[in-house]
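**Student:** Residue numbers (our numbering): 33 to 310.
Using N, Cα and C, we set each Cβ at its ideal position, and we do this for glycine too.
Because the structure is a prediction, the values reported are computed rather than measured.
Below is the structure I would like to discuss, written out as structure tokens.
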Amino acid sequence: MIPPIADRFVAGESAESALEHSRRVNNQGISCILNQLGEHYGDSTNAEADTHAYLDLLGALDSSDVTACVSIKPSQIGLDIAETEFRENLARIVQRAHNCNNFVWVDMEDHQTTDATLHAFESLSTKYDGTVGVCIQSNLERTRNDLKHLADLPGKVRLVKGAYDEPSAVALQEKSAVDEAYRAHLEFMFKEFDNGIAVGSHDPAMISHAKSLYEEYRTPFEIQMLMGVREDAQRELAAEYEVWQYVPYGSKWPSYFYRRVRERKENLLFALRAILTK
């Protein structure tokens, strides 16, 4: 079982527990993005197993009353093995989502995976208009050019600041520079995109900036936040805007939980309080 200090960030070990969590969140006006934890598989057996798990999850969503879609890491379904394997598995998942009238987000990993991920997205977004989205990271130097290309494609784009420790040759290093880039990228998207903007941020300043851009350009957008992070704000925002909560689940929760604890002081303090008051 997932201990109490971790279950704030992870919705159990099974798809059933993730669906139950989603029902509760849906009742608060928030939709869910379900991610079965797993990444960097070096053999096809694990990639195939997780591909089947997503196919089954989409089938379960199709027959449920839950408002949720799925999000997948490329290295989870074969990118570390071969780009062709990743693309074939992703195509199977997107086709199932299309048949179920659902949606697939493709997460972005480190900069070495960007080209392969974007190529797969472009192919599938063109074939299955409205069924697939991709994540873009503002800390990468290449992002402005990528957004210019993505503006002409169907599908959605989730803009995040970037969580990977990238080299200075390809990525901005200072927080202030990343924040400045995120603001500029958001403005470009609201100005040039017809729709399909996802603001992936917990930063109140960036969310406020997105609201202002919406008032200026009226481009439809949604806000995406992680399970367990600023959930009060998620509920408040959902009263006025479209809000989606990213919901991880599965047996590989320890590495995900410890990454969440390391990345934010607030998350570490929450975990320590849970331990001390247990």
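Is PRO199 buried or exposed, if buried means 16 or more other CB atoms sit within 10 Å of its CB?
**Tutor:** Exposed: under 16 other Cβ atoms inside 10 Å.
**Student:** Does the stretch 65 to 78 come into contact with the stretch 91 to 110, if we say contact requires no fewer than three beta-carbon pairs (one atom in each stretch) closer than 8 angstroms?
**Tutor:** Flag = yes, the stretch 65 to 78 and the stretch 91 to 110 touch.
**Student:** Among SER240, TRP137, VAL164, which one has its Cα closest to the Cα of GLU272?
**Tutor:** Nearest of SER240, TRP137, VAL164 to GLU272, Cα basis: SER240.
**Student:** State yes or no: is the C-beta of VAL279 within less than 8 angstroms of the C-beta of ALA50?
**Tutor:** Yes. Within cutoff.
**Student:** Give the single residue among GLN60, PHE253, THR77, LEU87 whose Cα lies nearest to the Cα of ASP264.
**Tutor:** Minimum Cα distance to ASP264 is reached at GLN60.
**Student:** Please report the distance separating the alpha-carbon of ASN67 from that of GLU117.
**Tutor:** Each residue's Cα considered, the two are about 20 angstroms apart.
**Student:** Are LEU87 and ARG128 close, meaning C-beta to C-beta below 8 angstroms?
**Tutor:** Yes, they are a contact pair.
**Student:** If we ignore side chains and look at the alpha-carbon of each, how far apart do VAL126 and LEU156 end up?
**Tutor:** Approximately 8 angstroms, taken between the alpha carbons.
**Student:** Beta-carbon within less than 7 angstroms of LYS310's beta-carbon, same chain only, minus the 5 sequence neighbours each way: which residues are those?
**Tutor:** Below a pLDDT of 50, predicted positions are generally treated as unreliable, and LYS310, at 43, falls in that range; the measurement from the model is reported next regardless. If we look at LYS310 and ignore the five residues flanking it on each side, it has no Cβ neighbours.
**Student:** At what residues does the alpha helix (DSSP H) containing ARG119 begin and finish?
**Tutor:** That run of the alpha helix (DSSP H) goes 115 to 131.
**Student:** Within 10 angstroms of the Cβ of SER96, are there 16 or more other Cβ atoms? Answer buried if so, exposed if not.
**Tutor:** Classification for SER96: exposed.
**Student:** Straight-line CA distance for GLU6 to GLU120?
**Tutor:** In the structure displayed, the chain extends from 33 to 310; residue 6 sits before or after that span and is not available.
**Student:** Who pairs with GLN169 in a beta bridge, going by DSSP?
**Tutor:** Answer is VAL192.
**Student:** I'd like to check one pair, ALA100 with SER170: are the Cβ atoms closer than 8 angstroms?
**Tutor:** No; because the gap between Cβ atoms is not below 8 angstroms, this pair is not in contact.
**Student:** Near LYS188, what residues of its chain come up, given a Cβ to Cβ distance below 7 angstroms and the 5 sequence neighbours on each side ignored?
**Tutor:** So the list reads GLY165, GLY228, ALA230, once near-sequence residues are dropped.
**Student:** For SER244 and ARG267, I'd like the C-alpha separation in whole angstroms.
**Tutor:** Whole-angstrom Cα-Cα distance: 20 angstroms.
**Student:** For PHE232, which residues does DSSP report across the bridge?
**Tutor:** The question names Phe, but residue 232 is Gly in the sequence shown. GLN256.
**Student:** Whose CA, out of LEU89, ASP178, GLY194, lies closest to the CA of ASP139?
**Tutor:** The residue with the shortest Cα to Cα distance from ASP139 is GLY194.
**Student:** If distances are taken between C-alpha atoms only, which option among LEU122, ASN78, VAL210, ALA92 comes closest to TYR160?
**Tutor:** Answer by Cα proximity: LEU122.
**Student:** For SER63, report the span of its alpha helix (DSSP H) as first-last.
**Tutor:** Segment 63 to 68 is the beta strand (DSSP E) holding SER63; no alpha helix (DSSP H) there.
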